[in-house]
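Remarks on the structure that follows.
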Amino acid sequence: MIVPRTSYVEATARRRVEAVLDHDSFWEFLPPEERVTSPHLSQLDLPVAFDDGVVVGGGTVQGRRVLLAAQEGAFMGGAVGEVHGAKLTGLFARAVDERPDAVVLLLESGGVRLHEANAGLIAVSEIIRALLAARGRGIRVLAVIGGGVGCFGGMGIVARCCDAVIMLEEGRLGMSGPEVIEMAGGVEELDSRDKALVWRTFGGKHRYLLGDCEYLVEDDVAAIRESIHQALEAASGFELEQLEAEHALLEKRLRELAHLHDAIDMWRALGLPDPDTLPMLDLARFTPIAHRARSFWKGEG
Amino acid sequence: MVGWAVSAASTFSSLVKTTMEHLEFTFPGRRAATGRKHAVLVGVVGSGNLEVLLEPKPLGGACQIVVKTAVAGFGEIWQAVLEDFCRRHGLGDLLVSINDLGATPAVVALRLDQAVHELEGSGP
Chain A
1 MIVPRTSYVE ATARRRVEAV LDHDSFWEFL PPEERVTSPH LSQLDLPVAF DDGVVVGGGT
61 VQGRRVLLAA QEGAFMGGAV GEVHGAKLTG LFARAVDERP DAVVLLLESG GVRLHEANAG
121 LIAVSEIIRA LLAARGRGIR VLAVIGGGVG CFGGMGIVAR CCDAVIMLEE GRLGMSGPEV
181 IEMAGGVEEL DSRDKALVWR TFGGKHRYLL GDCEYLVEDD VAAIRESIHQ ALEAASGFEL
241 EQLEAEHALL EKRLRELAHL HDAIDMWRAL GLPDPDTLPM LDLARFTPIA HRARSFWKGE
301 G
Chain B
1001 MVGWAVSAAS TFSSLVKTTM EHLEFTFPGR RAATGRKHAV LVGVVGSGNL EVLLEPKPLG
1061 GACQIVVKTA VAGFGEIWQA VLEDFCRRHG LGDLLVSIND LGATPAVVAL RLDQAVHELE
1121 GSGP
């Protein structure tokens, strides 16, 4: 039997929630009919969304109880305003009370919603504090990145504060986005219109090779569900030794790769064969090669 | 909502003005809206798109529609599209709330049909 593939990239936040969770298991808090919309956007006479661009609630994934959030990239680039941020912060506070098997974040965001200025910045810092507080209480937090907007700015930081990141090849993860880097550093620094360059710098494959994400999956909802299931089974923790090990890895990465200017040079330095061919490989052929780079980070040195 | 036959100049001026327009319509219904859910939301407030929230509630048999649109000056086209929607489905005791970011009339009509399908049908 051929099971039809359901695209994650193409789906809206609400569709993603329904597709990632077990059928009919989703319940929502602060649903659209509550109309908790952004007071800042109304003051600026700008359009609002009934859910302020984020869906929060709970459900099950293969029978395991999760709380989850999904950002809608099509509404203001998934940017975090005061209400949007408070919904995410509340999700973590609720997780501490309810102790689900995990909090799952379906991220798609350009970062802070600039229209909301300080309120948006504070919202992101509150999300990070609440996320780390939940992790400190033993709650596992997983991020899924695979929307067209990618995951940048404050939400890029949020993603890397999670226990594990699941990425699609089409996903992008970074701090400043390519356009911002070009504007600040000039076209010699990064040509944001060079799509191949952008994807090999921010895309899922590079993030997987550098150890920034733990799972790299096809654009298929079933594959994402399976990765969430695996991430729930994997070892996790938030102890000092784990943080120190991660810092050591980051230090090693800086030492080995910081002088290189293109992802392809980094892949060559990691000892990967034919690095220029990696962007075009499908995941079935890419993953075994990528495991060499993954063991490089976990190995000696 | 952007009309079919507006000049580029008038579209531009209505966009740079960025004044949100608030429109309200009430149409008679032929039957009460019912659904397995107490509310459904379809669509997204993205460029050229809109979100439609349907909530069955007692409104004396009427269909009440509240539109907030980022593109002002197209009240008559909204009137035509929404009247057509109400004529086709005849739903009463229904509150329809719309946040619009420049959807074309065809997109508005399709989203409204999608919302009714999700409210009354077996879902997507």
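Sequence order for the protein chains is A and B.
The opening residue of the first sequence carries number 1 in our numbering; numbering runs sequentially from there.
The opening residue of the second sequence carries number 1001 in our numbering; numbering runs sequentially from there.
Beta carbons are placed, not taken as given, at the ideal position from N, Cα and C, and that holds for glycine.
All values derive from a computational prediction rather than experimental measurement.
Could you list which residues in chain A have their beta carbon closer than 7 Å to that of residue i, in chain order?
i: G1046/B; result: A74, F75
i: E1051/B; result: A49, F50
Do you know offhand how far residue i's Cα is from residue j's?
i: D22/A; j: F152/A; result: 29 Å
i: E179/A; j: G186/A; result: 10 Å
i: F92/A; j: A134/A; result: 6 Å
i: A49/A; j: V1052/B; result: 10 Å
i: G73/A; j: V1045/B; result: 10 Å
i: G146/A; j: E170/A; result: 6 Å
i: R96/A; j: T89/A; result: Note on identity: in this sequence residue 96/A is Val, with Arg being the wrong assignment. About 11 Å.
i: R129/A; j: G85/A; result: 12 Å
i: V303/A; j: P279/A; result: Within the shown structure, residues of chain A are numbered from 1 to 301, placing residue 303/A beyond reach of any answer.
i: L30/A; j: A1033/B; result: 23 Å
i: G1102/B; j: E116/A; result: 22 Å
i: L157/A; j: R1030/B; result: Correcting the residue type first, residue 157/A is Ile in the shown sequence and not Leu. Using only the alpha carbons, I get a separation of about 53 Å.
Looking at chain B, is there any beta carbon in it that lies within less than 8 Å of the beta carbon of residue i?
i: Y8/A; result: no
i: A70/A; result: no
i: A11/A; result: no
i: E33/A; result: yes
i: L281/A; result: no
Measuring only between beta-carbons, confirm whether residue i sits less than 8 Å from chain A.
i: A1103/B; result: no
i: E1055/B; result: yes
i: T1019/B; result: yes
i: L1041/B; result: yes
Given a cut-off of 8 Å, decide if residue j and residue i are closer than it, judged by their beta-carbon atoms.
i: P1058/B; j: I1077/B; result: no
i: L67/A; j: R94/A; result: yes
i: S38/A; j: D52/A; result: yes
i: V80/A; j: A13/A; result: no
i: R193/A; j: I264/A; result: no
i: P100/A; j: G138/A; result: no
i: S109/A; j: G78/A; result: yes
i: Y215/A; j: A164/A; result: yes
Determine the extent of the alpha helix (DSSP H) in which residue i is found, giving its start and end residues.
i: D265/A; result: 263–269
For a contact defined as C-beta to C-beta under 8 Å, what are the partners of residue i on chain C?
i: A1070/B; result: This model lacks chain C altogether; the protein chains it does include are A and B.
Which residues mark the beginning and the end of the beta strand (DSSP E) in which residue i is found?
i: R64/A; result: 64–71
i: C1063/B; result: 1062–1069
i: F1025/B; result: 1021–1028
i: E244/A; result: Here E244/A belongs to no beta strand (DSSP E); instead the alpha helix (DSSP H) covers 240–257.
i: I166/A; result: 164–168
i: A1103/B; result: Unbroken run through A1103/B: none, as it is neither H nor E.
i: Y215/A; result: 215–217
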